[in-house]
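Notes follow once the structure below has been shown.
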Amino acid sequence: MINQIGRYISFIVNIICCIIMFIIPNALVKSIEEAGYSGDMFSAIYGAKVIVYSLILIIIMVSVSKFFDSFDKNKKN
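Counting along the sequence shown from 1, when you hit position 15 you're at 15 in my numbering, and nothing is skipped either side.
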């Protein structure tokens, strides 16, 4: 049962994380500009935050996928 549902849940989580990855840069630009940063400082903060948030989302995507893959491996054994 969880093997069949797991694929769909993993797929939905991946789609949500991808959508969030496209939303993050726009939200960061607004928040960093409102804080009053510009130029090199803006670029440094923006780059660091995008990298960190993207890595966190990628880790979540991989973890969810591995979690549901473990059920498939247990069933085969």
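We treat Cβ as the ideally placed atom computed from N, Cα and C, and that holds for glycine. This structure is a prediction, so every number in the text was calculated from the model and none was measured.
In this structure, the alpha-carbon of ARG7 lies about 12 Å from that of MET61. For the options VAL13, ILE12, CYS17 and SER10, the alpha carbon positioned closest to that of LEU55 is the one of CYS17.
For SER10, same chain residues with a beta-carbon under 6 Å away, outside a window of 5 residues either side, are VAL64, SER65 and PHE68 in chain order.
For PRO25 against VAL52, the beta-carbon gap comes to about 13 Å, at or over 8 Å, which does not count as contact. Nearest C-alpha to ILE58 among GLN4, PHE22 and ILE5: PHE22. Under the rule that a run must span 4 or more residues, the alpha helix (DSSP H) segments found entirely inside the stretch 2-56 read 2-34.
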